[in-house]
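Structure first, commentary second.
2 protein chains.
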Amino acid sequence: MARALHRNRSLPHARYLQLATVRADGRPANRTVVFRGFLDGTNVLRIVTDRRSQKADQIGHSPWGEACWYFPSSREQFRLAGALTLIGAEAADPQQTLRQQAWQALSEAARCQFTWPEPGAPRQSEPFSQTAPADPPVSFCLLLLDPDHVDHLELRGDPQDRSRYWQTDAGDWQTARVNP
Amino acid sequence: MARALHRNRSLPHARYLQLATVRADGRPANRTVVFRGFLDGTNVLRIVTDRRSQKADQIGHSPWGEACWYFPSSREQFRLAGALTLIGAEAADPQQTLRQQAWQALSEAARCQFTWPEPGAPRQSEPFSQTAPADPPVSFCLLLLDPDHVDHLELRGDPQDRSRYWQTDAGDWQTARVNP
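Chains A and B, in that order, are what the protein sequence lines are. Heads up: the first sequence begins at 0 in numbering that gives the first Met the number 0, then just goes up one per residue. Heads up: the second sequence begins at 0 in numbering that gives the first Met the number 0, then just goes up one per residue.
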């Protein structure tokens with residue numbers, strides 16, 4: 000993953016990945032999110048989201064996600080499946096500190112969005128604020144994806160190269176090269 | 000959609016989108032697929048897939064999908080949710096004709112993959128064929144996504160522009176501009 004991020008660092012949208020969740024009615028949902036780095040020293044992906052968004056509601060019903068991350072420059076795909084954890088204003092430490100750190104790392108433009116009217120509700124004409132508070136509002140959540148299965152496909156090569164990685168119940172990782 | 004495709008036509012990976020489905024155990028799955036055009040005169044997206052792939056199995060359990068399609072050049076996202084239909088070798092006309100047409104439209108390189116060993120199984124060392132039959136093998140399926148909900152987000156603009164489109168039971172489309 001670190002190598003793919005480095006190879007694709009010139010593309011801002013290389014930090015965009017697609018996160019699938021399951022809706023309360025059992026249908027899948029899928030949207031682009033921004034990768035905000037790994038939790039220090041772990042494989043856990045950091046994402047931020049709005050408490051009022053559909054995905055926050057979906058995670059309450061089913062805490063599982065699969066991220067699909069395609070890197071155009073190196074033509075490789077990572078599929079990262081695992082548990083999702085939503086960390087909101089009510090969380091205690093040490094999680095609350097992680098949420099505060101994620102807020103501090105956001106740009107002013109990204110922060111403003113959490114002060115805006117409810118996402119997905121009928122469009123309001125009132126001005127959308129261009130300033131954000133210093134502390135995270137209640138709408139701001141840190142979202143963690145802790146992968147337990149990874150599928151890595153490299154399109155370069157004929158046939159392509161594909162490997163699976165998965166975490167055992169004991170916590171260690173196993174790997175297998177598979178047919179593309 | 001047609002306008003977004005045109006604006007992004009110089010990027011080969013603008014035809015790559017991420018398709019979410021639901022696994023038999025209720026967890027989401029997500030992978031990149033290639034857009035193969037619309038069914039003539041409809042909003043139905045054409046995709047091809049291997050009968051032996053996980054997604055074909057998942058669609059047997061839950062025929063719902065959501066595609067997330069991000070266009071880097073125009074910085075816009077379409078989320079397309081709807082029913083998935085898998086059309087295999089056993090399908091009757093008129094669906095079988097659609098499957099045959101999809102096969103004819105594939106490149107030789109894309110066709111070869113349907114003759115390869117089972118996708119996702121332990122990697123085999125035997126040569127992977129570089130030639131394909133004229134007629135589609137049993138592994139080849141046409142996959143149709145018929146959207147009934149669309150969410151269109153344009154990142155350009157501050158605040159961003161977001162609209163929803165959905166199909167009523169009567170079959171007509173309604174739309175609403177919503178908060179980003």
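Beta carbons are placed, not taken as given, at the ideal position from N, Cα and C, and that holds for glycine.
Sort the options by Cα distance to residue i and report the nearest one.
| i | options | result |
| --- | --- | --- |
| Val32 (chain B) | B:Lys54, B:Ala91, B:Asp147 | B:Lys54 |
| Arg35 (chain B) | B:Gln76, B:Ala109, B:Asp171, B:Arg51 | B:Ala109 |
| Gln159 (chain B) | A:Pro136, A:Pro126, A:Leu152, A:Asp145 | A:Pro126 |
| His12 (chain B) | A:Arg74, A:Thr96, A:Asp134, A:His5 | A:Arg74 |
| Trp165 (chain A) | A:Phe77, A:Arg30, A:Asp56 | A:Phe77 |
| Gln100 (chain B) | B:Leu18, B:Arg155, B:Asp134 | B:Asp134 |
| Arg176 (chain B) | A:Pro118, A:Arg161, A:Ala91, A:Arg155 | A:Pro118 |
| Asn178 (chain A) | B:His5, B:Gln129, B:Gln123 | B:Gln123 |
| Val21 (chain B) | B:Arg50, B:Val43, B:Leu44, B:Gly59 | B:Gly59 |
| Ser128 (chain B) | A:Ala88, A:Arg45, A:Asp171, A:Asp157 | A:Asp157 |
| Leu152 (chain B) | A:Arg30, A:Ala104, A:Ala19 | A:Arg30 |
| Val47 (chain B) | B:Asp171, B:Leu154, B:Gly170, B:Pro136 | B:Pro136 |
| Arg45 (chain B) | B:Ser52, B:Phe70, B:Leu79 | B:Leu79 |
| Pro71 (chain B) | B:Ala1, B:Asp171, B:Arg6 | B:Arg6 |
| Asp49 (chain A) | A:Arg98, A:Tyr69, A:Arg161 | A:Arg98 |
| Met0 (chain A) | A:Tyr69, A:Asp171, A:Gly170 | A:Tyr69 |
If you draw a straight line from the alpha carbon of residue i to that of residue j, how long is it in whole angstroms?
| i | j | result |
| --- | --- | --- |
| Gln173 (chain B) | Val149 (chain B) | 10 angstroms |
| Tyr15 (chain A) | Arg8 (chain A) | 12 angstroms |
| Leu245 (chain A) | Phe37 (chain A) | Not covered by the structure: residue 245 (chain A). The range shown for chain A is 0 to 179. |
| Arg163 (chain B) | Phe113 (chain B) | 37 angstroms |
| Leu4 (chain B) | Thr96 (chain A) | 43 angstroms |
| Thr41 (chain A) | Ser106 (chain A) | 24 angstroms |
| Asp168 (chain B) | Asp147 (chain B) | 10 angstroms |
| Asp184 (chain A) | Arg155 (chain B) | Nothing about residue 184 (chain A) can be reported from this structure: the residues present for chain A run from 0 to 179 only. |
| Gln103 (chain B) | Ser52 (chain B) | 21 angstroms |
| Ala120 (chain A) | Ser138 (chain A) | 15 angstroms |
| Arg94 (chain B) | Pro132 (chain B) | First, the amino acid is wrong: residue 94 (chain B) is Gln here, not Arg. Rounded to whole angstroms, Gln94 (chain B) to Pro132 (chain B) spans 20 angstroms at the Cα level. |
| Ala91 (chain A) | Val43 (chain A) | 19 angstroms |
| Cys111 (chain B) | Thr130 (chain B) | 6 angstroms |
| Trp183 (chain B) | Gln17 (chain B) | There is simply no residue 183 (chain B) to check, as chain B begins at 0 and stops at 179 in what is shown. |
| Ala88 (chain A) | Asp39 (chain A) | 21 angstroms |
| Arg2 (chain B) | Leu10 (chain B) | 14 angstroms |
| Asp171 (chain B) | Arg161 (chain A) | 43 angstroms |
| Ala19 (chain A) | Ala19 (chain B) | 6 angstroms |
Please confirm if residue i has its CB atom under 8 angstroms from at least one CB of chain B.
| i | result |
| --- | --- |
| Ala175 (chain A) | yes |
| Gln100 (chain A) | no |
| His151 (chain A) | no |
| Pro118 (chain A) | yes |
| Ala55 (chain A) | no |
| Pro132 (chain A) | no |
| His5 (chain A) | no |
| Arg30 (chain A) | yes |
| Gln17 (chain A) | yes |
Give me whichever residues DSSP pairs with residue i in a beta bridge.
| i | result |
| --- | --- |
| Cys67 (chain A) | A:Gln17, A:Arg78 |
| Thr31 (chain B) | B:Gln17 |
| Thr84 (chain B) | B:Leu143 |
| Asp56 (chain B) | Partner(s): none; Asp56 (chain B) has no beta bridge. |
| Gln166 (chain B) | B:Trp172 |
| Arg161 (chain B) | B:Leu152, B:Val177 |
| Phe37 (chain B) | B:Leu44 |
| Asp49 (chain B) | B:Phe139 |
| Pro121 (chain B) | A:Val177 |
Would residue i count as contacting chain A if we go by Cβ distances under 8 angstroms?
| i | result |
| --- | --- |
| Pro121 (chain B) | yes |
| Ala169 (chain B) | no |
| Gln166 (chain B) | no |
| Thr20 (chain B) | yes |
| Gln76 (chain B) | yes |
| Trp172 (chain B) | no |
| Ala66 (chain B) | yes |
| Phe127 (chain B) | yes |
| Asn42 (chain B) | no |
| Arg155 (chain B) | no |
| Pro136 (chain B) | no |
| Asn178 (chain B) | yes |
| His80 (chain B) | The sequence given here has Ala at residue 80 (chain B), not His. True, the Cβ-Cβ gap to chain A drops below 8 angstroms. |
| Pro146 (chain B) | no |
| Pro93 (chain B) | no |
Taking C-beta pairs closer than 9 angstroms, name the residues in chain C that residue i reaches, listed in chain order.
| i | result |
| --- | --- |
| Ser61 (chain B) | Note that chain C does not occur in the displayed structure, where the protein chains are A and B. |
Item to check | At least 3 beta-carbon pairs within less than 8 angstroms: the region 56-75 of chain A vs the region 23-30 of chain B | outcome: Judged by Cβ distances under 8 angstroms, the region 56-75 of chain A makes contact with the region 23-30 of chain B, as three or more pairs qualify.
Checklist entry - Do the region 128-148 of chain A and the region 79-88 of chain A make contact, defined as three or more Cβ pairs closer than 8 angstroms? => result yes
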